[in-house]
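Numbers given in the working numbering equal positions in the sequence shown, counted from 1, plus 168. Backbone N, C-alpha and C define an ideal beta-carbon position, used for all residues, glycine too. Note that this is a predicted model, so its numbers are computed, not measured. All remarks here apply to the structure that follows.
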Amino acid sequence: MARVRKRMIRVDGVDYQWVVRHVDAGHVAVMVRHIATRRGTQLEVQVAFDDPWLNYGPIITAPPDRVAEVFALAPVTPQLVAELIQAALAAGWQVDGGGGPLRFTLSRGHDRLEPVSGRLSN
Numbered sequence: 169m170a171r172v173r174k175r176m177i178r179v180d181g182v183d184y185q186w187v188v189r190h191v192d193a194g195h196v197a198v199m200v201r202h203i204a205t206r207r208g209t210q211l212e213v214q215v216a217f218d219d220p221w222l223n224y225g226p227i228i229t230a231p232p233d234r235v236a237e238v239f240a241l242a243p244v245t246p247q248l249v250a251e252l253i254q255a256a257l258a259a260g261w262q263v264d265g266g267g268g269p270l271r272f273t274l275s276r277g278h279d280r281l282e283p284v285s286g287r288l289s290n
């Protein structure tokens, strides 16, 4: 099993820890936790990502002008994670709250977070 790489990010002067995990061939999950309150509410966001290795055949056979509209190939970057944190805070994420994780799905256009109940699919 691959080792999970925990990364740090500072957003608006606050430190967070984040990891990316594989969900399925078309999605990854970004998990974010506030560093100072390690037991606080974790943020989980499902992001569309079509793994190029798993989708190699369909990607290379797709019309070149349609690849970007059919496949989500942009990786999760620190900039995206910072935007997810800011959007989740604006949507009411309480980093020091109790209970289970707060779950969202990032829209395919990366323009909004949509609340999800239950677990992110795996």
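Query                                                                                                                                                     : Result
Between V200 and Q210, which are expected to be in contact by the criterion C-beta below 8 Å, what is the C-beta distance as a whole number of angstroms? : 7 Å
Should W261 go down as buried or exposed, given a rule of 16 or more other Cβ atoms within 10 Å for buried?                                               : buried
Around the Cβ of A258, are there at least 16 other Cβ atoms within 10 angstroms (buried) or fewer (exposed)?                                              : exposed
With 8 Å as the threshold, decide whether the Cβ of G194 is near any Cβ in chain B.                                                                       : Protein chains in the displayed structure number just one, and chain B is not present.
Please report the straight-line C-alpha distance between D218 and A250, rounded to a whole angstrom.                                                      : 21 Å
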